[in-house]
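Have a look at the structure below before the remarks.
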Amino acid sequence: MVLMAFGSAACGGDSEGTGASGGGPPKIAFVLATTGLSFAAAMGDGFRAGVDRVGGVTADITGPAIVDGAKQLQLLQEAQKTAKSGISVFTLTPDVVSPAMAEAVKAEIPVIAVDNPPMSTTGVKLFVGNDNYELGRSLAREVIAKLPAGTAGKVVIGNNAPGVKVLDRRAKGIRDEFKEKLPGVRILGPFDTKQEPAANLAAWKTLTSANKDAIAFLGTGDADGWNLAAIRRERKATWQAGAFDLDPKSLDAVKAGELVLASPEHFLKGEVAGYLQAKHAKSGEPLPEGWLYIPGLPVNSANIDQVIARQASKEATAQGVAAQVEKILSDATYLRKLSEVS
């Protein structure tokens with residue numbers, strides 16, 4: 001089973017797609033939770049790369065500068081007026097944005113949920129995203145590998161957006177992996193470490209000061225990474241640190257031996273969504289239904305040089321993930337039931 005044809009042949013799709021009736025190219029949109037954080041920007045860059053692979057489709061990528069559910073709701077409502085051929089949505093405030101997603105579905109606009117699974121009330125039938133529970137376990141494994149076998153002590157977990165399902169699942173994965181592999185460890189948290197970078201830094205300074213005897217600190221987001229590394233460096237601490245995403249500051253910290261990461265592969269995720277949305281808009285080829293699984297990537301001293309090279313530019317990243325995009329789009333084992341989302 002092939003989910004969608006991929007590559008140069010895809011550019012020859014039927015021009016009478018879902019957005020061609022107005023005489024111009026089909027128009028789609030990607031409405032992000034924020035444009036101000038590197039992981040979200042990477043998702044948008046990937047989406048653009050996926051659209052460009054198809055060609056002949058106009059894409060608008062937008063989102064509030066900071067996480068602001070009300071502003072994202074407004075942008076999504078505006079997109080429904082202009083991007084009739086399809087809208088992808090990444091939100092961190094699903095309770096606020098989901099009603100507008102449902103309105104778009106009711107208006108027969110094809111909607112793809114990206115990174116954060118859709119609420120059942122939206123009627124959205126395609127989710128492109130990770131197994132965040134497994135991502136959490138993956139990060140914990142990277143930290144455990146840097147600790148002495150059978151070690152005991154305190155491990156502190158931070159969650160920069162409690163209540164957001166994908167981050168809650170990461171926190172649970174971290175906790176469960178430590179319980180299983182290091183049963184002598186005492187796990188504290190997850191504590192709220194805030195999304196905004198300065199507030200995140202302040203939260204981690206408080207937690208690290210209150211737990212000076214901890215052996216590791218792990219966060220569920222991106223700012224957690226570079227902020228933990230900065231605190232570790234400043235205090236000449238020996239505890240281990242782990243977080244998510246591929247912010248350049250975090251990559252530098254991995255290179256310096258101060259941090260390990262688990263990447264949710266946001267560019268890859270965005271590119272898959274952008275390709276699917278544009279292909280459907282251009283040719284009318286049906287969107288798959290279900291959870292299109294995007295695997296993560298552990299980042300440590302063994303592969304940091306390759307990851308830094310891959311992330312050096314948008315073009316390098318697109319080239320670096322191209323084979324994976326093709327595999328995900330052509331291998332039916334990546335398509336799972338929505339009910340299986342973790």
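Residue numbers for the sequence shown follow full-length UniProt numbering, so the first one is 1 and each next one is one higher. Yeah, the Cβ is synthetic: ideal placement off N, Cα and C, and Gly gets one too. As the structure is a prediction and not an experimental result, all values here were calculated from the model.
For Ala65, the closest of Ala332, Ala316, Ala161 and Ala41 by C-alpha to C-alpha distance is Ala41.
In the displayed model, Ser85 falls within coil according to three-state DSSP, outside both helix and strand. Counting of Cβ neighbours within 10 angstroms places Gln240 among the buried residues, the total reaching 16 or more. Residue range Thr58 to Thr62 is occupied by the beta strand (DSSP E) that includes Asp60. Taking a contact as a CB-CB distance under 8 Å, the pair Gly225 and Ala203 does not count as one, their CB atoms being some 14 Å apart.
Every alpha helix (DSSP H) stretch that sits fully inside the stretch 274–322 and reaches 4 residues is listed by chain position as 304–310. In the assembly as shown, Lys236 is an exposed residue. Its beta-carbon has fewer than 16 other beta-carbons within 10 Å. Inclusion of Leu126 and Glu289 in the CB contact set at 8 Å is warranted, their separation being smaller than that value. In this structure, DSSP gives Gln195 a state outside helix and strand, which the three-state scheme calls coil. Annotation: Ala100 to Ile328 spans about 29 Å, alpha carbon to alpha carbon. Its Cα nearest to that of Asn160, the residue Thr193 stands out among Gly257, Thr193 and Pro117. Boundaries of the alpha helix (DSSP H) around Asn132: Asn132 to Ile144.
If you check the CB distance, Thr62 and Ser98 do not come in under 8 Å.
Beta-bridge annotation (DSSP): Arg336 is paired with Trp291.
Rounded to the nearest whole angstrom, the CA to CA distance from Thr35 to Asp245 is 15 Å. For Ser263, the uninterrupted beta strand (DSSP E) run begins and ends at Val260 to Ser263, by DSSP.
Residue burial is scored here from C-beta neighbours: Asp95 has fewer than 16 other C-beta atoms within 10 angstroms and is therefore classed as exposed. In this structure, the beta-carbon distance from Ala140 to Gly189 does not fall below 8 Å.
In the DSSP assignment, Lys27 forms a beta bridge with Thr58.
Residue state for Ala107 is assigned as coil, using DSSP reduced to three classes. Take Lys71, set aside five residues on each side of it, and the residues of its chain with a beta-carbon closer than 7 Å to its own are Pro64, in chain order. Ser339 counts as exposed, since fewer than 16 other beta carbons sit within 10 angstroms of its beta carbon. For Val57, the closest C-alpha among the options Gly44, Ala29 and Gln77 is that of Ala29. Shown here, Ala41 sits in a helix according to DSSP, grouped into three states. Annotation for Gly129: no alpha helix (DSSP H) segment contains it, though the beta strand (DSSP E) segment containing it runs Leu126 to Gly129. Asn227 is a Cβ neighbour of Leu201, given a cutoff of 8 Å. No Cβ-Cβ contact shorter than 8 Å links Ser263 with Val321.
Remark: C-beta atoms of Val156 and Val260 do not approach each other more closely than 8 Å. Excluding five sequence positions before and after Ile231, the CB atoms of its chain that fall closer than 8 Å to its own CB belong to Leu201, Trp204, Lys205, Thr208 and Ala237, given in chain order. Ala241 sits in a strand when the DSSP states are folded into three classes.
Among the bridge pairs identified by DSSP, Lys154 is matched with Arg186.
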